[in-house]
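The next block holds one structure in the form of structure tokens; read it before the comments.
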Ligand code: IDP
Ligand code: MG
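Residue numbers (the numbering used here): 260 to 407.
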């Protein structure tokens, strides 16, 4: 089953939006297989966003992302990567559709409250980066009511 790395950024944590975001993934039918609150180091965060290191907003992004705890999670389910991205909404909140997390809950790109893996390959890398201790395997009693 596919897994994706979803992270509630420091602004989402500070604004008390952990419950709201977790609720959407749970209600959808995805299974939570790892979760922790952690304050990432600069090096850890730079590695996470290594593909963006040439961008002019990189320094500001790292400062923002290391300004407080993030809620790191792994969600599992059919199509979790693509559907997770749809649930987050477009990177730019001004372009995120209503009904998406960013579309409903934030205004600026530099405070867009959540991260989601953009491919299965990045998901695997990000899960290994944030959860070197491994994830929690468990069987959900609702599986047969979510999947046919
Ligand atoms: P994503 O989070 O939707 O995958 P990316 O392009 O991977 O978007 O960018 C990572 C993060 O960098 C964004 O979520 C946002 O917080 C920040 N970011 C992206 N573009 C800009 C920008 O133009 N200005 C400031 N921050 C940006
Ligand atoms: Mg990205």
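By construction, the Cβ of each residue, glycine as well, lies at the ideal position given by its N, Cα and C atoms.
Here the structure is a predicted model, which is why all the values come from computation and not from measurement.
List the DSSP bridge partners of residue i.
{"i": "residue 333", "result": "264, 293"}
Out of the options, point me to the one whose CA is closest to residue i's CA.
{"i": "residue 292", "options": "356, 334, 370", "result": "334"}
{"i": "residue 327", "options": "313, 360, 297, 374", "result": "297"}
{"i": "residue 394", "options": "385, 286, 347", "result": "385"}
{"i": "residue 301", "options": "294, 316, 321", "result": "321"}
{"i": "residue 402", "options": "275, 369, 285", "result": "285"}
{"i": "residue 360", "options": "265, 274, 280", "result": "280"}
{"i": "residue 370", "options": "344, 303, 353", "result": "353"}
{"i": "residue 392", "options": "406, 294, 315", "result": "294"}
{"i": "residue 303", "options": "269, 318, 311, 325", "result": "325"}
{"i": "residue 270", "options": "311, 278, 323", "result": "323"}
{"i": "residue 408", "options": "283, 344, 313, 317", "result": "Because the chain is modelled from 260 through 407, residue 408 falls outside the range shown and cannot be assessed."}
{"i": "residue 265", "options": "376, 404, 397, 283", "result": "376"}
Under the assumption that residue i contacts residue j (Cβ atoms under 8 Å), give the Cβ distance between them as a whole number of angstroms.
{"i": "residue 261", "j": "residue 388", "result": "Not really, about 18 Å apart at Cβ, beyond 8 Å."}
{"i": "residue 263", "j": "residue 331", "result": "With a Cβ gap of about 12 Å, residue 263 and residue 331 do not count as contacting."}
{"i": "residue 368", "j": "residue 350", "result": "6 Å"}
{"i": "residue 373", "j": "residue 347", "result": "5 Å"}
{"i": "residue 272", "j": "residue 329", "result": "7 Å"}
{"i": "residue 289", "j": "residue 336", "result": "4 Å"}
Which parts of the stretch 341–399 are runs of the alpha helix (DSSP H), unbroken and 4 residues or longer, counting only runs that do not cross its ends? Complete alpha helix (DSSP H) runs here, min 4: 360–364, 379–389.
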